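Chemist: First, the structure itself, so that you have it in front of you.
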Amino acid sequence: MAKVEIGLDAELVVEVMVLAGVGSPQDAVELVLRDYIARGHRTETRTGSADRSLREADARPQEPQG
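Following this note's numbering, the numbering of the sequence shown begins with 172 at its first residue and continues without gaps.
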């Protein structure tokens, strides 16, 4: 897997480390990102059918108005 280096505010990282209960800044940020992605997938699973039908309705050609 490719690695990416980024700079983050130290206070933000320490806060995440405390909330996540981990001692490594990298582990803390990785946990937050994995949780964010998993939460997005869960949301898509719960709302996917409604979103899909809305997208399909928006994609249909509309009658000319006027």
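For each residue, glycine too, the CB sits at the ideal point set by N, CA and C.
These figures come from a predicted structure and were not determined experimentally.
May I have the straight-line CA-CA distance separating leucine 183 from alanine 209, to the nearest angstrom?
Modeler: Distance between the alpha carbons of leucine 183 and alanine 209 is about 21 angstroms.
Chemist: Measure the beta-carbon distance from methionine 188 to alanine 199 and round it to whole angstroms, keeping in mind my assumption that it falls under 8 angstroms.
Modeler: Between alanine 199 and methionine 188 the Cβ distance is about 4 angstroms, and since that is below 8 angstroms, they are a contact.
Chemist: Assuming leucine 202 contacts alanine 191 under a Cβ cut-off of 8 angstroms, what Cβ separation, rounded to an integer in Å, is found between them?
Modeler: Indeed they touch by this definition, with Cβ atoms about 5 angstroms apart.
Chemist: Give the DSSP-derived three-state secondary structure of aspartate 180 in the structure shown.
Modeler: Note: aspartate 180 maps to coil in three-state DSSP.
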